[in-house]
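Colleague: Following this message is one structure expressed as structure tokens.
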Amino acid sequence: MTKLTFPDHFIWGIGTSAYQSEGAWQEDGRGESIWDRYCHIPGNTFNGESGDISSDFYHRYKEDIALLKKMGIRHFRTSIAWTRIIPDGRGEINPKGIQFYHDVIDELLRQGIEPMITLYMWDLPQKLQDIGGWANREVTDYYERYARLLFREYGNKVKTWVTFDEPFCGAFIGNYLGTYAPGLRDFNTALLVSYHMLLAHGKAVRACHEMLPDAKIGIALNISDCKPATCKPADAEAAHRADGYRNRWFLDPLYKGSFPQDMLDWYEAQGVILPAISREDLKIISTRQDFLGLNYYSPHFFVDDAKNWPIQCTSVKTGKPLNDINWEIVPEALYNILARIRADYGDVEIQITENGSCQTDILSHRREILDYCRIDYMHRHLVELERAIRAGINVTAYYAFCFMDNLEWALGYSKRFGLVYVDFETQERIVKASGRWYSQVVKQNGLETAEQ
Ligand code: BGC
């Protein structure tokens, strides 16, 4: 066995998000979000499930935070629901919503747990969707107002902020593939949405640096290792396009101040309507952020596919082991992504803002969850992470995803990622074997492995 020790002061955390965990969707003046609307439309989600109740963090946050403490977790990432703070997104401020997050943050701090707060984790106020959502540039100003309000309210308590979680998903899965809220199917809209999300991110980074010079702020991107599924040259080109679509479209403007030229040319040739990209916007978008949040779960393998407009590629399985959400398990892809970020974008600070696995958790007759596959998944990814750190890549944090089972978006409660099991009938919580294992990792600042 080899002992892998992480650097001193390495941050070990665990995460969730507002809509996935809070429930209480209509309480204390909360407005409707696009995810409420999406989940309430029959046929959109597994079994019609929604975040109406979920794991009820809204009412149970004290016990849940006590559990975090018991597990030895010192860093907790969650998001704020815009609709609790400003129910319609741009009008009146809701004091009860403001108070709720003060209570949560205060409770975390009381228990010695540092909050990492995500400003936007997919739940746009529905009233803003009604005026076009992120496709309407004005929404970037409403977002900035909301961000400034949060910095003013919580800035003396919260030291680490995330502007957006996975804008790729919000933009493209929500507005092009239509399987996430708001459920639109229009590539031009999705591209414009992605542009405005990046712009809004830049506005929040600027505001944060101006208002909270000691705080850290970054975006959380779900960068994927995009590889060709075969050795055919056409598949290699397809994988490069997929990389442009999913990764470089976000990383280039953030770090290079420009959108990838090959993608601009490709989109134009495909008849896609490009956003009106301006120099001034690019300057805002590329405002230096303090860290890059990386959400990593699985890589993607592509084949060329002319039928799939406009990227003309399709992601396929390559026979690697799958977890229970059908994602291929390839731990070394995490290393590849980290190495690639450094090679292409320089020595930026990276925080792993999400990593975890979906497994079918079976409650045993002894009321235990022996989720060894999840432990093995995390173990192997931590081995790769340690290898990256040893290679000099500047990774300072790892947040497991997620704290307790919660709404897996359109897949409802059918998919579990938690390190703590939730019985959604009774709201009972049971720490899984993976939760106990992770507590040990945190305590030892590392792990023992048979791998070299
Ligand atoms: C999101 C999480 C989600 C997880 C698993 C990410 O896409 O940030 O909210 O639950 O991955 O799908």
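If you use the numbering used here, the sequence shown corresponds to residues 71 to 522, in order. We put the beta carbon where it would ideally sit given N, CA and C, even for glycine.
Kindly indicate the opening and closing residues of the beta strand (DSSP E) around Asp493.
Modeller: For this step, residue 493 is matched to residue 423 along the sequence shown. Val490 to Asp493 is the span of the beta strand (DSSP E), which, as asked, contains Asp493.
Colleague: Can you look up Thr210 in the DSSP assignment and give me helix, strand or coil?
Modeller: Indexing the sequence shown from 1 puts residue 210 at position 140. Of the three classes helix, strand and coil, the one that applies to Thr210 here is helix, per DSSP.
Colleague: Inspect the beta-carbon positions of Ile293 and Leu321 and report whether they are closer than 9 Å.
Modeller: The count along the sequence shown starts at 1 and reaches residue 293 at position 223. The count along the sequence shown starts at 1 and reaches residue 321 at position 251. Yes; because the gap between Cβ atoms is below 9 Å, this pair is in contact.
Colleague: Are the stretch 72-85 and the stretch 124-143 touching by the rule of at least three beta carbon pairs closer than 8 Å?
Modeller: Judged by Cβ distances under 8 Å, the stretch 72-85 makes contact with the stretch 124-143, as three or more pairs qualify.
Colleague: So, is the C-beta of Thr86 closer than 9 Å to a C-beta in chain C?
Modeller: The chain inventory of the structure shown lacks chain C, comprising one protein chain alone.
Colleague: Going along the chain, which residues of its own chain have a beta-carbon closer than 6 Å to the beta-carbon of Gln497, five neighbours each way excluded?
Modeller: Mapped onto the sequence shown, residue 497 falls at position 427. The answer, listed in chain order, is Asp126.
Colleague: Quick one, which of His451, Gln359 and Asp417 has its alpha-carbon nearest Glu424's?
Modeller: As a first step, residue 424 must be located in the sequence shown, where it is residue number 354. Measuring from the Cα of Glu424, the nearest candidate turns out to be His451.
Colleague: Is it buried or exposed for Gly93, if we count other Cβ within 10 angstroms and need 16 for buried?
Modeller: Counting from 1 along the sequence shown, the entry for residue 93 is found at position 23. So Gly93 counts as buried.
Colleague: At what residues does the alpha helix (DSSP H) containing Cys428 begin and finish?
Modeller: For the purposes of this step, residue 428 is identified with residue 358 of the sequence shown, where counting begins at 1. Counting along the chain, Cys428 falls outside any alpha helix (DSSP H), and DSSP gives it neither H nor E.
Colleague: So is Cys472 buried or exposed if we call it buried at 16+ other beta carbons inside 10 Å?
Modeller: Position 402 of the sequence shown, counted from the first residue, corresponds to residue 472. Buried is the call here.
Colleague: Could you check the C-alpha separation between Val523 and Met267 for me, to the nearest Å?
Modeller: Absent from the structure is residue 523, since the part of the chain shown begins at 71 and ends at 522.
Colleague: Using beta-carbon positions only, say whether Asp375 and Thr388 come within less than 9 Å of one another.
Modeller: Taking the first residue of the sequence shown as 1, we reach residue 375 at position 305. Taking the first residue of the sequence shown as 1, we reach residue 388 at position 318. Result no, Cβ atoms of Asp375 and Thr388 do not sit closer than 9 Å.
Colleague: On a CA-only basis, which of Leu334, Trp152, Glu133 and Leu74 is nearest Ser103? Give me that one, please.
Modeller: Within the sequence shown, residue 103 is the residue found at index 33, counting from 1. Among Leu334, Trp152, Glu133 and Leu74, the Cα nearest to that of Ser103 belongs to Trp152.
Colleague: Counting pairs of Cβ atoms below 8 Å between the stretch 107-122 and the stretch 163-171, do you hit three or more?
Modeller: Contact between the stretch 107-122 and the stretch 163-171 is absent, because fewer than three Cβ pairs lie under 8 Å.
Colleague: Indicate, with yes or no, if the ligand BGC has a heavy atom lying under 8 Å from the CB of Phe494.
Modeller: Residue mapping note: residue 494 aligns to position 424 of the sequence shown, counting from 1. Because no heavy atom of the ligand BGC lies under 8 Å away, the Cβ of Phe494 does not count as near it: no.
Colleague: At a cut-off of 8 Å, is Trp379 close to the ligand BGC when judged by its beta-carbon and the heavy atoms of the ligand?
Modeller: For the purposes of this step, residue 379 is taken as residue 309 along the sequence shown, with counting starting at 1. Outside the cutoff, so no.
Colleague: Where do the ends of the alpha helix (DSSP H) carrying His145 lie?
Modeller: Start at 1 with the first residue of the sequence shown, and residue 145 comes out as number 75. Element bounds for His145: not the alpha helix (DSSP H) but the beta strand (DSSP E), His145 to Ser149.
Colleague: Quick check: the stretch 450-466 against the stretch 491-506, are at least 3 beta-carbon pairs closer than 8 Å?
Modeller: Taking 8 Å as the limit for Cβ pairs, the verdict is that the stretch 450-466 does not touch the stretch 491-506.
Colleague: Leaving aside the five residues before and after Gln514 along the sequence, list all residues of the same chain whose C-beta is less than 6 Å from its C-beta, in chain order.
Modeller: Counted from its first residue, the sequence shown places residue 514 at position 444. So the list is empty, once near-sequence residues are dropped.
Colleague: If Leu404 sits next to Glu398, beta carbons under 8 Å apart, how far is it from one beta carbon to the other, in whole angstroms?
Modeller: Against the sequence shown, residue 404 aligns to sequence position 334. Against the sequence shown, residue 398 aligns to sequence position 328. With a Cβ gap of about 13 Å, Leu404 and Glu398 do not count as contacting.
Colleague: Less than 8 Å separating the Cβ of Gln421 from some heavy atom of the ligand BGC?
Modeller: Along the sequence shown, one-based indexing puts residue 421 at 351. Because no heavy atom of the ligand BGC lies under 8 Å away, the Cβ of Gln421 does not count as near it: no.
Colleague: Is it the case that the CB of Ile395 approaches a heavy atom of the ligand BGC more closely than 8 Å?
Modeller: As a position in the sequence shown, residue 395 is number 325, starting the count at 1. True, at least one ligand heavy atom lies under 8 Å from that Cβ.
Colleague: Quick check on the burial criterion: 16 or more other C-beta atoms within 10 angstroms. Buried or exposed for His435?
Modeller: On the sequence shown, residue 435 is found 365 positions in, with the first residue counted as 1. By the neighbour-count rule (16 or more Cβ atoms within 10 Å), His435 is not buried but exposed.
Colleague: Where do the ends of the beta strand (DSSP E) carrying Pro185 lie?
Modeller: As a position in the sequence shown, residue 185 is number 115, starting the count at 1. Note, Pro185: beta strand (DSSP E), Glu184 to Tyr190.
Colleague: Does the ligand BGC have a heavy atom nearer than 8 Å to the CB of Phe471?
Modeller: Within the sequence shown, residue 471 is the residue found at index 401, counting from 1. Yes; taking the cut-off as 8 Å, the Cβ of Phe471 has a heavy atom of the ligand BGC nearer than that.
Colleague: Would Ala312 be called buried (16 or more neighbouring beta carbons within 10 Å of its own) or exposed?
Modeller: As a first step, residue 312 is located in the sequence shown; it is residue number 242 there, counting from the start. So Ala312 counts as buried.
Colleague: Does at least one heavy atom of the ligand BGC sit under 8 Å from the Cβ of Trp479?
Modeller: Counting from 1 along the sequence shown, the entry for residue 479 is found at position 409. The answer is yes for Trp479.
Colleague: Using 8 Å as the cut-off, classify the Cβ of Phe487 as near or not near the heavy atoms of the ligand BGC, replying yes or no.
Modeller: On the sequence shown, position 417 is the one that residue 487 refers to. Under cutoff, so the answer is yes.
Colleague: Please look up how many angstroms separate the CB atoms of Gln429 and Cys443, rounded, as I've assumed it's under 8 Å.
Modeller: If you number the sequence shown from 1, residue 429 lands on position 359. If you number the sequence shown from 1, residue 443 lands on position 373. The pair is a contact, with the Cβ atoms about 5 Å apart (cut-off 8 Å).
Colleague: Just checking Asp235 against the ligand BGC - is the residue's beta carbon closer than 8 Å to any of the ligand's heavy atoms?
Modeller: Here residue 235 corresponds to residue number 165 of the sequence shown, with the count starting at 1. Within the cutoff, so yes.
Colleague: Let me check you understand the geometry: is the CB of Ser87 closer than 8 Å to at least one non-hydrogen atom of the ligand BGC?
Modeller: The count along the sequence shown starts at 1 and reaches residue 87 at position 17. True, at least one ligand heavy atom lies under 8 Å from that Cβ.
Colleague: Taking the straight line between their C-alpha atoms, what separation do you get for Ala304 and Val373?
Modeller: Counting from 1 along the sequence shown, the entry for residue 304 is found at position 234. Counting from 1 along the sequence shown, the entry for residue 373 is found at position 303. Going by the C-alpha atoms only, they are around 8 Å apart.
Colleague: Can you check which of these residues, Thr210, Asn258 and Tyr483, is closest to Asp122 by C-alpha distance?
Modeller: By one-based count along the sequence shown, residue 122 stands at place 52. That would be Tyr483, whose Cα lies nearest to the Cα of Asp122.
Colleague: Tell me whether Tyr491 counts as near the ligand BGC, meaning its Cβ is closer than 8 Å to at least one heavy atom of that ligand.
Modeller: Here residue 491 refers to the residue found at position 421 of the sequence shown. Not under cutoff, so the answer is no.
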